[in-house]
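Taken in order, these protein sequences are the chains called W and C. Numbering-wise (our numbering), the first sequence opens with residue 956 and increments by one. Numbering-wise (our numbering), the second sequence opens with residue 956 and increments by one. Just below is one structure, and these are the notes that go with it.
There are 2 protein chains.
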Amino acid sequence: MIDLDETDRGILRALADDATLSAGEIGRRLGISQPACWRRIKRLQDNKVLAGQRLDLDLQKLGFTVTVFLGIKLATKGRVSLDDFERAVIAIPEVQTVQHVLGMYDYRLRVVARDIPDFERVLRRRIMTLPGVGNVEANVLLSEERLAGPIG
Amino acid sequence: MIDLDETDRGILRALADDATLSAGEIGRRLGISQPACWRRIKRLQDNKVLAGQRLDLDLQKLGFTVTVFLGIKLATKGRVSLDDFERAVIAIPEVQTVQHVLGMYDYRLRVVARDIPDFERVLRRRIMTLPGVGNVEANVLLSEERLAGPIG
DNA sequence: AAAAACATGAATGAATTTTTGCAAATATTT
DNA sequence: AAATATTTGCAAAAATTCATTCATGTTTTT
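Okay, here's the thing in structure tokens:
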């Protein structure tokens, strides 16, 4: 954990709002010079606080209209079983996210498909055949809002 | 929906791997020139297939060690109730994602907290007091893997 | 087969961004 | 209060990157 001052948090907030901003532009907004701002950004990158940036793809436009969240309870879950399961899940192209969780389910998956029939195919052929799968619960995504979340 | 050729998909795959790559670098990897690559990227942006990019922050390093997914079933859910709920949820700083879903729950939230006591505070003071909240189910995140997902 | 529409590469100019000194100011430690 | 370390702003160079032009080659249409 790293301690940041108010300026660092301002930089993170600015970047969270628009990840493409340059050091000069952020500096202008925060009232510091471009090199000062740049050096701070570099420090945040070196510290891996800024881990990178992820692409925001419009899956609709790519023909994937259905997003489903799956909660999966494993039938058997020794150590081996978890590794086997994860390895197999990661190989499914329609899976965007694999979350190992504690609670009612063991894993949560974010899965996309072209349409409902396509999703049924993925579910039957890919998901239900995963090693160790027990209960599966599904939630279809209607809409989603991503927020900046807490920074300081 | 837009039809992409193999080169476009290669560009999207390269950017999914690292969103900061320049047109020249991507072109080099795909074996096309920088202007050709740049024009294709521009077209993808103009078409809004490339919707933007999001910052990848290391929340651990910022002191947020706990991530919890909440499944929420509303007690009453007329149209008004949904709007009220969403408005209130969006105002909670610890909430990173709000997903309106169909299935066992009505909403799924991604919530971060500094530690478990902090999470309890958020849950009791912020979440359970939301308008219309019925059942709440929680899953604590252990580990997460984000994959590129399908592109073509 | 000719014509039109389109994508490409090479070259290039403009613009932006990333870096690097260095002296002054600020903060921290002794 | 002196000494040390850190951070800053200014200036400027170095390196990329973005964006356009133009001639050529390719595909599609007529």
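Ideal Cβ positions, reconstructed from N, Cα and C, are used throughout, including at glycine. The structure presented is a predicted model; accordingly, all values stated were derived computationally and were not measured.
{"query": "For R1001 (chain C), the first and last residue of its enclosing alpha helix (DSSP H)", "result": "The question names Arg, but residue 1001 (chain C) in the sequence shown is Asp. Q989 to D1001 is the span of the alpha helix (DSSP H), which, as asked, contains D1001 (chain C)."}
{"query": "Simplified DSSP assignment, three categories, for R1063 (chain C)", "result": "strand"}
{"query": "Interface partners of M956 (chain C) on chain W, CB under 7 Å", "result": "K1016 and G1018"}
{"query": "Three-state class that DSSP yields for T1022 (chain C) in the structure shown", "result": "strand"}
{"query": "Supposed close pair F1019 (chain W), A1068 (chain W) - CB separation, criterion 8 Å", "result": "6 Å"}
{"query": "Neighbour flag for S1098 (chain W) against chain C, beta carbons, 8 Å", "result": "yes"}
{"query": "Nearest-angstrom Cα separation, counted from I981 (chain C) out to A969 (chain C)", "result": "7 Å"}
{"query": "Minimum Cβ-Cβ distance from F1024 (chain W) to chain C less than 8 Å", "result": "yes"}
{"query": "Element boundaries [beta strand (DSSP E), containing R984 (chain W)]", "result": "Unbroken run through R984 (chain W) is the alpha helix (DSSP H), A978 to L985; no beta strand (DSSP E)."}
{"query": "Backbone CA spacing between Q1000 (chain W) and E1099 (chain C) [nearest angstrom]", "result": "21 Å"}
{"query": "Per-residue contacts from G1058 (chain C) into chain W (C-beta, under 9 Å)", "result": "V1023, F1024, E1092, A1093, N1094 and V1095"}
{"query": "7 Å CB neighbourhood of K1028 (chain W) in its chain, flanking five on each side removed", "result": "Y1060, D1061, G1089 and N1090"}
{"query": "Delimiting residues of the alpha helix (DSSP H) encompassing R1069 (chain W)", "result": "Segment: none, R1069 (chain W) is in no alpha helix (DSSP H) and carries neither H nor E."}
{"query": "N- and C-terminal bounds of the alpha helix (DSSP H) containing V1077 (chain W)", "result": "Per DSSP, V1077 (chain W) belongs to no alpha helix (DSSP H) and is neither H nor E."}
{"query": "Rounded C-alpha distance that separates V1023 (chain W) from Q1008 (chain C)", "result": "22 Å"}
{"query": "Between the CA atoms of M956 (chain W) and D1011 (chain W) - distance to the nearest angstrom", "result": "28 Å"}
{"query": "Simplified DSSP assignment, three categories, for V1056 (chain W)", "result": "strand"}
{"query": "is_contact[V1035 (chain C), chain W] using C-beta, thresh 8 Å", "result": "no"}
{"query": "Residues near W993 (chain C) by beta carbon distance below 6 Å, same chain, minus five either side", "result": "A978"}
{"query": "Span of the alpha helix (DSSP H), counted from its first residue to its last, around G1089 (chain C)", "result": "G1089 (chain C) -> not in any alpha helix (DSSP H); beta strand (DSSP E) instead, spanning V1088 to R1101."}
{"query": "Delimiting residues of the beta strand (DSSP E) encompassing L1012 (chain C)", "result": "L1005 to L1012"}
{"query": "Short CB-CB distance (under 8 Å) between V1077 (chain C) and chain W", "result": "no"}
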